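Okay, so here's the structure we're looking at.
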Amino acid sequence: MQPNSRTHLDKAFDHLDNVIYIMGEVIKGRNAEEIRKHLVEDDPFNKSREYRGNIANWLIGDYVRGFTPSALDVFARIMTSDVIETQIKRELLFWKNCERDSLARALTLEHIYPAYHRGEPFLLREDVVEFIVKKAGFTKYMSDKRITNYLSITSKLGMAESNGKNIDLHFFRPKRESVTAVLYFLFNSKLSPSAILKADDFKYLLLDERDLLSYLAGLNASGIIEFAMAGDVVRLEPKIDFEVLLDALAR
Numbered sequence: 001m002q003p004n005s006r007t008h009l010d011k012a013f014d015h016l017d018n019v020i021y022i023m024g025e026v027i028k029g030r031n032a033e034e035i036r037k038h039l040v041e042d043d044p045f046n047k048s049r050e051y052r053g054n055i056a057n058w059l060i061g062d063y064v065r066g067f068t069p070s071a072l073d074v075f076a077r078i079m080t081s082d083v084i085e086t087q088i089k090r091e092l093l094f095w096k097n098c099e100r101d102s103l104a105r106a107l108t109l110e111h112i113y114p115a116y117h118r119g120e121p122f123l124l125r126e127d128v129v130e131f132i133v134k135k136a137g138f139t140k141y142m143s144d145k146r147i148t149n150y151l152s153i154t155s156k157l158g159m160a161e162s163n164g165k166n167i168d169l170h171f172f173r174p175k176r177e178s179v180t181a182v183l184y185f186l187f188n189s190k191l192s193p194s195a196i197l198k199a200d201d202f203k204y205l206l207l208d209e210r211d212l213l214s215y216l217a218g219l220n221a222s223g224i225i226e227f228a229m230a231g232d233v234v235r236l237e238p239k240i241d242f243e244v245l246l247d248a249l250a251r
């Protein structure tokens, strides 16, 4: 999917409940502007007006306007479902966060992902701060704040967390349902099979090519997708309608 070039890590936090609320408004039939106005004017989150405006612009920009109408409907139903585990919802939020946020994407792809697959137990926080200073031009203080906000999300995932001068990395395997959902959103975006296999979207969940192929083989065996490879020839196709993805995830 098309990435974004901006960052909201100056204000990021564990925003699952807020996104679930917004997706509830989507289910009610409200459009992005109507939801934004509701968040700012009616104050459902009990925050200052300036804060409400900033958060509304961020969350609606990433999680409402960041989807096509058909994909938004599916995403909203997944996020508001009582039968979908909280961990799955968090993983999907992080996937979307990395897709839409340039700094979250860079931290994941250029630091967390490679260190994880090298088997390193931790990263030095000061190294990551310096990376942000050079990458985005923020001061060390503001860079460190953005790391704190990023880690507030990854710690909830069980992926990485702050530990003094270190950023500890944990063994992480995304839920099968999360991988299935990301895969079907990519199907819906009309990417070719080879492009899907090379997509960064799965790296956001720390899956390398071998991991991904293992998941795909399992999904093929369970009848959720059709997947086969012969050299560079790939067959990767959906076997359920995108509109009923929630039903497949809830099995």
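FYI, in UniProt numbering the residues of the sequence shown are 1 to 251. Quick reminder that beta carbons are idealized off the backbone N, C-alpha and C, glycines included. Keep in mind that this is a model prediction, so the values were computed, not measured.
By the C-beta density criterion, Val83 is exposed, having fewer than 16 other C-beta atoms within 10 angstroms. One thing to note: Glu91 has its Cβ within 8 Å of the Cβ of Ser178.
For the pair Phe185 and Ala71, the CB atoms are nearer than the 8 Å cut-off. Inclusion of His170 and Ala160 in the CB contact set at 8 Å is warranted, their separation being smaller than that value.
In the structure shown, the three-state DSSP call for Phe227 is strand.
The beta carbons of Ile225 and Leu236 sit closer together than 8 Å. Spatial neighbours of Arg176 in its own chain (CB-CB distance under 8 Å, excluding positions within 5 residues in sequence) are listed in chain order as Tyr215, Gly218 and Leu219. For the 8 Å CB-CB criterion, Ile20 and Thr68 do not form a contact.
Val244 carries a helical assignment under DSSP once its states are collapsed to helix, strand and coil. Nearest to Phe94 by C-alpha distance, out of Leu212, Asn149, Leu245 and Tyr51, is Asn149. Per DSSP, the unbroken beta strand (DSSP E) holding Ala160 starts and ends at Ala160 to Asn163. Secondary structure of Ile167 (DSSP, three-state): strand. Within the region 23–91, no complete beta strand (DSSP E) segment of 3 residues or longer occurs.
Put simply, the backbone Cα of Asp200 is about 13 Å away from that of Leu107.
Judged by DSSP in its simplified three-state form, Pro238 adopts strand. Judged by beta-carbon spacing, Ala136 lies beyond the 8 Å limit of Leu109, meaning their Cβ atoms are not closer than that value.
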